[in-house]
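>
Numbering (full-length UniProt numbering), first residue to last: 1 to 266.
(1) Between the Cα of residue 270 and those of 99, 75 and 215, spot the shortest distance and give me the residue it belongs to.
(2) Taking DSSP as the reference, what is the three-state secondary structure of residue 131?
(3) Rounded C-beta distance between residue 109 and residue 94? I'm assuming under 8 angstroms.
(4) For residue 234, is the classification buried or exposed, using 16 other Cβ atoms within 10 angstroms of its Cβ as the cut-off for buried?
(5) For residue 48, which of helix, strand or coil comes out of DSSP?
(6) Between 179, 26, 76 and 87, which lies nearest to residue 60 when the distance is taken from Cα to Cα?
(7) Could you pull the DSSP bridge partners for residue 193 from this structure?
(8) Look at the alpha carbon of residue 53 and the alpha carbon of residue 70, and state the distance between them as a whole number of angstroms.
(9) What is the DSSP secondary structure of residue 267, reduced to helix, strand or coil?
(10) Give me the DSSP bridge partner(s) of residue 123.
(11) Among the candidates 132, 107, 210 and 83, whose CA atom is the shortest distance from the CA of residue 36?
(12) Would you mind listing the beta strand (DSSP E) stretches within the stretch 65-107 that are 3+ residues and don't spill past its ends, in chain order?
(13) Is the Cβ-Cβ distance between residue 88 and residue 81 less than 7 angstroms?
(14) So what does residue 58 bridge to, in DSSP terms?
(15) Closer than 7 angstroms by C-beta to residue 62: which residues in its own chain qualify, once you throw out the five before and the five after it? Chain order, please.
(16) So, at 7 angstroms on beta carbons, what are the nonlocal neighbours of residue 173 in its own chain, with the 5 sequence-adjacent residues on each side left out?
(17) Please state whether the Cβ-Cβ distance between residue 196 and residue 165 is less than 7 angstroms.
(18) Where do the ends of the beta strand (DSSP E) carrying residue 35 lie?
(19) Counting only C-beta atoms, is residue 47 closer than 7 angstroms to chain B at any point?
(20) Checking 7 angstroms against the spacing of the C-beta atoms, do residue 201 and residue 220 come in under that value?
(21) Kindly indicate the opening and closing residues of the beta strand (DSSP E) around residue 146.
(22) Output the distance between the C-alpha atoms of residue 215 and residue 199, rounded to the nearest integer angstrom.
(23) To the nearest angstrom, report how far apart residue 117 and residue 20 are at their CA atoms.
(24) According to DSSP, is residue 20 helix, strand or coil?
(25) Going by beta-carbon coordinates alone, are residue 138 and residue 119 separated by less than 7 angstroms?
(26) Give the straight-line distance between the Cα atoms of residue 126 and residue 132, rounded to the nearest whole angstrom.
(27) On the three-state DSSP scale, how would you describe residue 200?
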């Protein structure tokens, strides 16, 4: 219930956080340079990642919730096992890393946004102990890239949101930009509906916008929702945001459709 959730959140200290797709885990970048893994149903911290790292600015779970990607101030991007907190692989770049994502078939890639406004796609080694290779660089954003979300219906596609007032869809395999959406405000957070047909953007204003992913056209603005007044919505995780907000928009559109039908039936 709401009271239990409030008590749980009060126990969790830290800034950057994200919820696993299966709803079981909350990962938190803690103030002591550790990253904690909390069991949501039990309301307690189960373990930390095996190594401390420089301040973590980005967290993202893999689609199967078994792995966690972290992006840190020193430019390191790391992949961890959730089950035991152990490091799987590490990629390094001279530019500080922020938002991160896991994508590709079987999670073979992970992505990181860096302060040079470039999103980098990293490929996991084919064998254990192999080196991580940079697969592609996604260039085009002119503002800080704040959000990375994989397309649920296409493991090769990645959606990015930035302070240049755009959201963009990319082919992570080829590095090509598929579509750029002019949002009209900085994009600090975004989410994609489970079928990949809708994109929600938020940030810079007290409302969110719903977009058609196929053509980049705006469907509706949602104003007056207090949960959207925060600059960033990472606290509840991208998936949680998608479930809540997309449902809200769907209900709102259905209501409007019912109202139009009533008018036409008169």
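For glycine and all other residues, C-beta sits at the position ideal for the given N, C-alpha and C.
According to the structure data:
(1) It is not possible to answer for residue 270, since the shown part of the chain is limited to 1 through 266.
(2) coil
(3) At roughly 21 angstroms, the Cβ-Cβ gap does not stay under 8 angstroms, so residue 109 and residue 94 are not in contact.
(4) Reliability of the predicted coordinates at residue 234 is poor, the pLDDT of 43 falling under 50, and no value is obtained from them.
(5) strand
(6) 26
(7) BP columns for residue 193 are empty, so no partner.
(8) 10 angstroms
(9) Absent from the model: residue 267. The displayed extent of the chain is 1 to 266, so no value can be given.
(10) 109 and 133
(11) 83
(12) 67-72, 76-81, 87-92 and 97-103
(13) yes
(14) 71
(15) 102 and 107
(16) 156
(17) no
(18) 35-39
(19) As a matter of chain content, chain B is missing from the structure shown, which is built from one protein chain.
(20) no
(21) 145-150
(22) 11 angstroms
(23) 26 angstroms
(24) coil
(25) yes
(26) 9 angstroms
(27) strand
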